[in-house]
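K.L.:
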DNA sequence: TGAAATGTAAAACGATCGTTTTACATTGCT
DNA sequence: AGCAATGTAAAACGATCGTTTTACATTTCA
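Protein chains in written order, with my numbering: chain A, 3 to 176; chain B, 3 to 176.
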């Protein structure tokens with residue numbers, strides 16, 4: 003693992019736990035174990051560092067939901083929450099924190115959500131054997147809901163989403 | 003509407019649209035049309051002003067969901083999103099922005115979410131004629147999901163949640 | 001009428017923000 | 001051996017942060 007990966011990982015952890023705005027550059031340099039000169043040479047700016055964090059997270063997340071059934075999608079979320087905890091969606095949080103006024107960040111968020119939406123459509127199609135845009139929209143809502151409700155209701159929120167989605171899929175099956 | 007209400011309303015709008023951390027006290031004084039001396043005499047501190055904003059929003063929100071059916075709950079959310087737009091849950095966003103490290107804010111968020119959870123339980127009980135904790139959890143997840151998915155998918159997310167919940171309620175009915 | 005209360009505008013507080021610069025040490029390559 | 005690249009620590013940059021203070025004007029009301 004090279005230093006750039008370390009930087010992104012460490013920055014991701016701080017941004018995720020304390021917020022983008024609340025995390026100062028000196029906390030980042032200290033946690034990453036490098037001078038601010040080096041950090042700026044690597045990352046460019048704080049916003050670009052956040053974009054790198056989001057890009058890495060998008061890759062890691064999308065890899066985790068490489069599944070072909072809706073139930074497996076929520077099993078993956080259950081695992082994610084178990085391993086990483088539940089602090090809500092970093093993409094939506096960062097976009098909200100910055101009021102959508104930092105174009106590179108807003109773009110990274112939009113790209114991720116578009117990819118996620120497309121992935122859910124694919125999973126629903128694979129599971130049913132045909133597409134079902136309404137069910138896909140419901141799955142997106144349940145996934146987003148489980149992600150955010152888990153912040154204050156814990157793993158029970160993910161279980162509830164998983165059982166709900168089982169009912170919806172069963173009803174949609176031909 | 004007295005000046006304190008104006009202050010809370012104006013602050014709520016800025017915090018909601020640009021984020022708590024990103025909103026400076028001078029933007030608040032200018033938007034509220036008062037000197038910083040008066041603002042501090044009224045609000046105490048930035049954090050206490052945010053707590054006032056959250057408390058007022060809790061009241062307004064809880065009044066809007068004084069309904070006795072699950073469908074009406076999502077109709078209320080549809081109306082909320084139509085009138086106020088969709089920027090996610092201000093309570094969760096503020097808690098995340100501050101890393102949960104400002105006790106008064108963390109407490110206001112916890113209080114609101116507890117009240118919301120209890121209200122959903124009551125609505126489910128009123129709708130079914132008996133309680134159903136699992137359905138209630140599913141309703142919470144769908145509501146939270148519609149709130150956050152609507153940020154990037156618009157009103158379609160709320161419609162999807164509403165149609166999903168109709169299926170779940172129908173199935174739970176005796 | 002005159003003190004008490006409440007407001008204002010604006011300067012100042014020390015701290016911290018994101019970022020750049022200065023000055024120097026270490027490394028890798030030819 | 002010696003140059004170029006890459007790192008460091010630390011000071012400095014101007015700007016802005018949340019908050020308090022100073023000095024003064026207006027209102028309230030006994």
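All residues carry an ideal CB built from backbone N, CA and C; glycine is no exception.
1. Which ranges does the beta strand (DSSP E) cover as unbroken runs of at least 3 residues, wholly within the region 57 to 107 of chain A, from first to last along the chain?
2. Between which two residues does the alpha helix (DSSP H) containing residue 44(B) stretch?
3. Along chain A, which residues have their Cβ under 7 Å away from the Cβ of residue 85(B)?
4. Between residue 76(A) and residue 160(A), how many whole angstroms is the CB-CB distance? I'm expecting something under 8 Å.
5. By alpha-carbon positions, which one of 70(B), 139(B), 150(B) ends up nearest to residue 82(B)?
6. Would you verify that the beta carbon of residue 59(A) is, or is not, closer than 7 Å to some beta carbon of chain B?
7. Please list, in chain order, the chain A residues whose beta carbon lies closer than 7 Å to that of residue 115(B).
8. Look up residue 132(A) in the DSSP assignment and say whether it is helix, strand or coil.
9. If the cut-off is 8 Å on Cβ atoms, which residues from the region 124 to 152 of chain B count as contacting chain A, listed in chain order?
10. If you measure between the beta carbons of residue 143(A) and residue 122(A), is that distance less than 7 Å?
11. Using the beta-carbon count (16 or more within 10 Å), is residue 43(A) buried or exposed?
12. Would you kindly work out how many angstroms separate the C-alpha atoms of residue 24(B) and residue 20(A), rounded to a whole number?
13. For the alpha helix (DSSP H) that residue 25(A) lies in, which residues bound it at each end?
14. Contact check, residue 17(A) vs residue 55(A) under 8 Å by CB: the rounded distance?
15. So, with DSSP's three-state summary, where would you put residue 156(B)?
16. Between the C-alpha atoms of residue 41(A) and residue 31(A), what's the straight-line distance to the nearest angstrom?
P.N.:
Checking against the coordinates, here is how it stands:
1. The region 57 to 107 of chain A contains no whole beta strand (DSSP E) run of 3 or more residues.
2. Residue 44(B): member of the alpha helix (DSSP H) spanning 38 to 45, first to last residue.
3. Near residue 85(B) there are no residues of chain A at all, since even the closest Cβ is about 19 Å away, more than 7 Å.
4. Right, the Cβ-Cβ distance comes to about 7 Å (below 8 Å), so this counts as a contact.
5. Nearest of 70(B), 139(B), 150(B) to residue 82(B), Cα basis: 150(B).
6. Answer no: the Cβ-Cβ gap between residue 59(A) and chain B never drops below 7 Å.
7. By Cβ distance, chain A contributes 154.
8. Residue state, collapsed to three classes: coil.
9. Within the region 124 to 152 of chain B, the residues whose Cβ lies closer than 8 Å to some Cβ of chain A are 136, 139, 140, 142, 143, 144, 145, 146, 147, 148, 149, 150, 151, listed in chain order.
10. Contact: no.
11. Residue 43(A) is exposed by the Cβ-count criterion.
12. A direct Cα-Cα distance of roughly 14 Å separates residue 24(B) from residue 20(A).
13. Going by DSSP, residue 25(A) is part of no alpha helix (DSSP H) at all; its letter is neither H nor E.
14. Sure, about 6 Å apart at Cβ, within 8 Å.
15. Three-state DSSP puts residue 156(B) in coil, outside helix and strand.
16. Cα-Cα distance, rounded: 7 Å.
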